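Contents: one structure, followed by commentary.
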Amino acid sequence: MPSDVSAQDLSPQEIMAAFLARDLKDTEHLMVGVAMPIVEAAVRLAHLLHGPNMELIFFGTRMNVADRHTLPLPAFAWDNRVVRWAESFSDTGHRFEDVKHWHKRIFFIGGVQVDPHGNTNLIGVGPDYATLRFRGPGSVGTPTLSTHVGRYYIVLNSHSPRILVERCDYMSTYGWGSGGADARKKLGLPGGGPKYCVTPLCVMDFDEEDKHMRLHSVHPGVTPEAVQAQTGFALRMPDQVPTTPIPTPEELHVLRTRVDPEGRLRRM
Amino acid sequence: MPSDVSAQDLSPQEIMAAFLARDLKDTEHLMVGVAMPIVEAAVRLAHLLHGPNMELIFFGTRMNVADRHTLPLPAFAWDNRVVRWAESFSDTGHRFEDVKHWHKRIFFIGGVQVDPHGNTNLIGVGPDYATLRFRGPGSVGTPTLSTHVGRYYIVLNSHSPRILVERCDYMSTYGWGSGGADARKKLGLPGGGPKYCVTPLCVMDFDEEDKHMRLHSVHPGVTPEAVQAQTGFALRMPDQVPTTPIPTPEELHVLRTRVDPEGRLRRM
Amino acid sequence: MESRTSHIIDEVEAVRRIEDGMTVAIGSPTPMALVRQIIRRGLKDLTVVDVGLSLDMLIAAGCVRKVVSYYAGGGFGVPVAPAFRQAAERGEIEVWECEEGILTSGLQAAAQGLPFLPWRGGVGTSLPEVNPDLKVFTDPIRGETLLAVPPIKPDVTLLHAAVSDAYGNVQHVGGPGWIDLFMQRAADHTVVQVEKVVANEDIRKDPWATTIAGADAIVRVPYGAHPFYSRGYYIQDNAHLKDYLDASTAAAKGDPAALHAYFARYCREPETHADYLEQIGIRRLLGLHEY
Amino acid sequence: MESRTSHIIDEVEAVRRIEDGMTVAIGSPTPMALVRQIIRRGLKDLTVVDVGLSLDMLIAAGCVRKVVSYYAGGGFGVPVAPAFRQAAERGEIEVWECEEGILTSGLQAAAQGLPFLPWRGGVGTSLPEVNPDLKVFTDPIRGETLLAVPPIKPDVTLLHAAVSDAYGNVQHVGGPGWIDLFMQRAADHTVVQVEKVVANEDIRKDPWATTIAGADAIVRVPYGAHPFYSRGYYIQDNAHLKDYLDASTAAAKGDPAALHAYFARYCREPETHADYLEQIGIRRLLGLHEY
Numbered sequence: 008m009p010s011d012v013s014a015q016d017l018s019p020q021e022i023m024a025a026f027l028a029r030d031l032k033d034t035e036h037l038m039v040g041v042a043m044p045i046v047e048a049a050v051r052l053a054h055l056l057h058g059p060n061m062e063l064i065f066f067g068t069r070m071n072v073a074d075r076h077t078l079p080l081p082a083f084a085w086d087n088r089v090v091r092w093a094e095s096f097s098d099t100g101h102r103f104e105d106v107k108h109w110h111k112r113i114f115f116i117g118g119v120q121v122d123p124h125g126n127t128n129l130i131g132v133g134p135d136y137a138t139l140r141f142r143g144p145g146s147v148g149t150p151t152l153s154t155h156v157g158r159y160y161i162v163l164n165s166h167s168p169r170i171l172v173e174r175c176d177y178m179s180t181y182g183w184g185s186g187g188a189d190a191r192k193k194l195g196l197p198g199g200g201p202k203y204c205v206t207p208l209c210v211m212d213f214d215e216e217d218k219h220m221r222l223h224s225v226h227p228g229v230t231p232e233a234v235q236a237q238t239g240f241a242l243r244m245p246d247q248v249p250t251t252p253i254p255t256p257e258e259l260h261v262l263r264t265r266v267d268p269e270g271r272l273r274r275m
Numbered sequence: 008m009p010s011d012v013s014a015q016d017l018s019p020q021e022i023m024a025a026f027l028a029r030d031l032k033d034t035e036h037l038m039v040g041v042a043m044p045i046v047e048a049a050v051r052l053a054h055l056l057h058g059p060n061m062e063l064i065f066f067g068t069r070m071n072v073a074d075r076h077t078l079p080l081p082a083f084a085w086d087n088r089v090v091r092w093a094e095s096f097s098d099t100g101h102r103f104e105d106v107k108h109w110h111k112r113i114f115f116i117g118g119v120q121v122d123p124h125g126n127t128n129l130i131g132v133g134p135d136y137a138t139l140r141f142r143g144p145g146s147v148g149t150p151t152l153s154t155h156v157g158r159y160y161i162v163l164n165s166h167s168p169r170i171l172v173e174r175c176d177y178m179s180t181y182g183w184g185s186g187g188a189d190a191r192k193k194l195g196l197p198g199g200g201p202k203y204c205v206t207p208l209c210v211m212d213f214d215e216e217d218k219h220m221r222l223h224s225v226h227p228g229v230t231p232e233a234v235q236a237q238t239g240f241a242l243r244m245p246d247q248v249p250t251t252p253i254p255t256p257e258e259l260h261v262l263r264t265r266v267d268p269e270g271r272l273r274r275m
Numbered sequence: 125m126e127s128r129t130s131h132i133i134d135e136v137e138a139v140r141r142i143e144d145g146m147t148v149a150i151g152s153p154t155p156m157a158l159v160r161q162i163i164r165r166g167l168k169d170l171t172v173v174d175v176g177l178s179l180d181m182l183i184a185a186g187c188v189r190k191v192v193s194y195y196a197g198g199g200f201g202v203p204v205a206p207a208f209r210q211a212a213e214r215g216e217i218e219v220w221e222c223e224e225g226i227l228t229s230g231l232q233a234a235a236q237g238l239p240f241l242p243w244r245g246g247v248g249t250s251l252p253e254v255n256p257d258l259k260v261f262t263d264p265i266r267g268e269t270l271l272a273v274p275p276i277k278p279d280v281t282l283l284h285a286a287v288s289d290a291y292g293n294v295q296h297v298g299g300p301g302w303i304d305l306f307m308q309r310a311a312d313h314t315v316v317q318v319e320k321v322v323a324n325e326d327i328r329k330d331p332w333a334t335t336i337a338g339a340d341a342i343v344r345v346p347y348g349a350h351p352f353y354s355r356g357y358y359i360q361d362n363a364h365l366k367d368y369l370d371a372s373t374a375a376a377k378g379d380p381a382a383l384h385a386y387f388a389r390y391c392r393e394p395e396t397h398a399d400y401l402e403q404i405g406i407r408r409l410l411g412l413h414e415y
Numbered sequence: 125m126e127s128r129t130s131h132i133i134d135e136v137e138a139v140r141r142i143e144d145g146m147t148v149a150i151g152s153p154t155p156m157a158l159v160r161q162i163i164r165r166g167l168k169d170l171t172v173v174d175v176g177l178s179l180d181m182l183i184a185a186g187c188v189r190k191v192v193s194y195y196a197g198g199g200f201g202v203p204v205a206p207a208f209r210q211a212a213e214r215g216e217i218e219v220w221e222c223e224e225g226i227l228t229s230g231l232q233a234a235a236q237g238l239p240f241l242p243w244r245g246g247v248g249t250s251l252p253e254v255n256p257d258l259k260v261f262t263d264p265i266r267g268e269t270l271l272a273v274p275p276i277k278p279d280v281t282l283l284h285a286a287v288s289d290a291y292g293n294v295q296h297v298g299g300p301g302w303i304d305l306f307m308q309r310a311a312d313h314t315v316v317q318v319e320k321v322v323a324n325e326d327i328r329k330d331p332w333a334t335t336i337a338g339a340d341a342i343v344r345v346p347y348g349a350h351p352f353y354s355r356g357y358y359i360q361d362n363a364h365l366k367d368y369l370d371a372s373t374a375a376a377k378g379d380p381a382a383l384h385a386y387f388a389r390y391c392r393e394p395e396t397h398a399d400y401l402e403q404i405g406i407r408r409l410l411g412l413h414e415y
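Protein chains in written order, with our numbering: chain A, 8 to 275; chain B, 8 to 275; chain C, 125 to 415; chain D, 125 to 415.
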């Protein structure tokens, strides 16, 4: 175990994973989508360190693997290997028949575009829907998930003004709409909405009153000005912007030896 | 095998079962409820004689048992014995999620009251719902089944003016409403509605135009006048009322040796 | 790090989670150890979603104010459960009249967080007249006439199953009752009583067989469905049920002695499920083989 | 008396049941033998409910007019399937924009014979703007704002599974795809291709494992999901899929040679599924072990 961790030894992705892991609580149900290695690492790290009662939901299977000595990230093909630890299938034709219980469920979302109120777009970019400039992959299940889950995290692989935009061309999830703490309640959306937006540069949260995106912390070596320069709208800036806490030696040890022994988070 | 069957040897229940059995077609899905021994015998008889592709649905299990040499009527407790021949469970939380395919499904219903248009009542008898004179058992699944199945049969264990009434106090299934061949279509009910009402005295069908109940055939030894005397409303009477066909020697042989070797239908 | 938390409790603790006036859904096979504990505790004013003779017992024991009812047959040739019938005819209980498709729609609306689900079964019948919670409405797309079924939200669902691990991963033998999973998804809290607790590894051998993932509480009660059946374990004790039915019928006709004796002997005197089994006797239990 | 009728047919006969312009739902694991037969036959103007690279192939092969789409990722780091992306950007295909909860609601409305089902997921988003079939409406009970999702009715659903008996009793290994059962219940006709046909007695050993009862047609095609996975049998052939993805990407950039070669070699020259497997080679197939 490294007795002393310094920021230079860490990739931004490792910092993101450790930050997210600390925010996840035991007994929560953590749903991880396709091609989200940072999120997968975060969930597995939390499960091993402080989440013995977490339920991990991967591709229709539900598992608790806290007692596994090592948890290498599998190269998730859509095959039997992903179900080897399953305790049940979440998708026996009932995928959306227990949203009542989704207050315990947490999920993570990326986006082609994300706006200042945490609305996201996976549909596409361009003024005319019939002939989009960029056709996105589609909404998957994010409109329903974002409506009902206890809370969710926007997790971006890159931080750029092309992604973090003043206004999404299309909204595939409703985060805080056009703002306001009661925006979701007024629409009848029961879930807790987006809590953080985590990127390779920083962590952002939402102003308690108007739910506008606000800088929460910058990763080591990043300045608030650098974040603003890569953001397509004016971020709320607190007087003091703390540095995102880096992983403790124990966290880093578990992350590098049990969660990501192949170092995928250091090569992104 | 009895080479010559005469009506005196037969119970009305055996005649009812054989009549129903002949009206069931191969490939149909036959759903049998609780405590309907005549119906159960009819379904099993049809299955053995001309229904190798019938599906039998008993209490949440689906089976095809045409190749069983004997098919004694089990004393259906709600236990594992009813599922011993199951090929699948119809009730895996999806009981009503395939009504689209119910045009193949046939079911059978009794009633506390049945009116001239084949509407039935399992709710109760009495003018005030809050304090019924007779509280019935409840509708089970009959409102949904009668709405969607290809056709259904009203099967009564006794024929009396107390059951066959001018007007049901409450309607738990809508048969032909207040009459008319388009009654169901106007309400948007896709199923074929009730086809026959079969009792220990006779078989009744419904007038093609106004869907009023009409005498179709009388069982051997029963007169149309005797049927009318036991019916609480004026039955349509064709000029000629045939006698209900009795089982052929082969039908009776299978019925008595393979379907009902214990003679339950002769002791009702 | 702490280890994974067990969900196993006993029947006394499980029923402590139910309060007077709550809505309780009861599945099949019938979780009789929990039903008897409800009667033992003398809970009052419950709204119950249940059928048949367990419903009858709860009514006869005075626990019920309202029944969400689609079928209350008595069995053994008795068309209607006696205590249900008498209480309904006297207006002593309220009946939320429904049928299976309406009931599952209401439970599913609750599970899906919807204010209603539309249903066609029941259109044209008396159901929306005798149950004003069912609204006849016109669909916004094609203009068809349908029923709007409001959510049915059990506070607690009680179920019986074959096995579970300590973490609430439940597996049935021969399938759960047709409505059990609807009840579980709709409820705030689900307690499953099981014949047997098995290792987590046994569950993982066939995750497809897991019918309920993460039930809130597991109660281990071998023979816990007696006098009803438990698929894969024992058949129904028809003689016992017939005795109860005769007692309930007599009580409805004005002679409650046998019914009082039944409740005293089987619900009030035994302090635990094990005491109840002693009362029934092992010889009788072992006689209830499967075939 | 005649005996029970077999449901087994071959892939050519199965795809003969599909006509130009029909709506075809494609489950997962992906029934690739049937998808390849659709391409071989050159069906046109299909409306497809499908995802990923099988969707991409059908579009690239010119079979598709409309996509009921909730996710069209390319995999292998390519965020959007190339032929889908290009055809959508050029307006060559129509997209019925939806998401998983809306899609399952539409399929379930079809299966339940309802003109719509209400859904909350998507309220507040652009979905009802870009898909005018989704109507925003006010619920008749509590006055909440919801989406009314109309029925989605596949003419034919195509699925892949582990085994079936001759009568269409299908059992999966490791569960069916999450949406397969919705597609099957909603469709007029369901064809299931399987790795193996088993005896009816094998099915009866565990009726709870029967995921689809009485599929209309069964097609026996070992390795029939290749190049995708089939749980319990083989993993995904990522090298093959990557070759396809590269060819499709090049075609979208104006160089269709590799894509033409792909379709010629794998869809048009082989006359049957067995010919296709010969083309792939047994050594490669056997290399796709499960662990």
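By construction, the Cβ of each residue, glycine as well, lies at the ideal position given by its N, Cα and C atoms.
Just so we're clear, the structure is a prediction, and the values are computed from it rather than from any experiment.
Within the stretch 229 to 250 of chain D, Ser-229, Trp-243, Arg-244, Gly-245, Gly-246, Val-247, Gly-248, Thr-249, Ser-250 place their CB atoms closer than 9 Å to a CB of chain A, listed in sequence order.
In the three-state reduction of the DSSP assignment, D/Ile-133 falls in the strand class, which pools E and B. Residue contact check for A/Ala-137 against chain D: a CB pair falls below 8 Å.
For D/Pro-153, the closest Cβ of chain C is not nearer than 8 Å. Around the C-beta of B/Leu-163, 16 or more other C-beta atoms lie within 10 Å, and the residue is accordingly described as buried.
Going by beta carbons, D/Gly-199 and D/Leu-170 fall outside the 8 Å limit. Contact note: A/Pro-59 reaches chain C through Met-125, Glu-126, Ser-127, Arg-128, Thr-129, using a C-beta cutoff of 8 Å and chain order. Counting C-beta pairs closer than 8 Å gives fewer than three between the stretch 142 to 155 of chain A and the stretch 217 to 232 of chain A, which falls short of the contact rule. In this model, A/Val-50 and A/Thr-264 are separated by some 15 Å (Cα to Cα). Neighbourhood of A/Asp-105 in chain C, by CB distance below 7 Å: Ala-235, Arg-309, in chain order.
For A/Lys-193, the enclosing alpha helix (DSSP H) starts and ends at 190 to 194. In this structure, the straight-line span from the alpha carbon of A/Pro-207 to that of A/His-226 is close to 8 Å.
At least one beta carbon of chain C lies nearer than 8 Å to the beta carbon of D/Glu-268.
Around the CB of B/Thr-238, 16 or more other CB atoms lie within 10 Å, so the residue is classed as buried. Apart from the 5 residues on each side of it in sequence, D/Ala-375 sits with its Cβ closer than 6 Å to the Cβ of Leu-383 in its chain, given in chain order. If the five residues before and after C/Val-188 are omitted, its C-beta is found closer than 7 Å to the C-beta atoms of Leu-170, Val-172, Leu-182, Ile-217, all from its own chain and listed in chain order.
One finds Tyr-195, Ala-196, Gly-197, Pro-203, Val-204 in chain D with Cβ atoms closer than 7 Å to the Cβ of A/Pro-144, taken in chain order. Ranked by Cα distance from B/Met-275, the first of B/Ala-25, B/Pro-44, B/Ile-113, B/Asp-30 is B/Pro-44. Close to A/Gly-184, with beta-carbon spacing below 9 Å, are these residues of chain D in chain order: Gly-248. Note on geometry: alpha-carbon atoms of C/Asp-180 and C/Arg-389 lie some 17 Å from one another. Judged by pairs of C-beta atoms under 8 Å, the stretch 254 to 268 of chain D does not touch the stretch 201 to 216 of chain D, as fewer than three such pairs exist. As the crow flies, the alpha-carbon of A/Gly-125 is around 15 Å from that of D/Gly-246. Look at A/Tyr-181: its C-beta is under 8 Å from a C-beta on chain D.
Per DSSP, the unbroken alpha helix (DSSP H) holding D/His-397 starts and ends at 397 to 404.
The CB of D/Asp-144 never comes closer than 8 Å to any CB in chain C; the least such distance is about 27 Å. 8 Å or more divides the Cβ of B/Asp-189 from the Cβ of B/Val-132. Its chain contains Glu-135, Ala-157, Val-345, Gly-348 as the residues whose beta carbon lies nearer than 7 Å to that of C/His-397, once the 5 sequence neighbours on both sides are disregarded; these appear in chain order.
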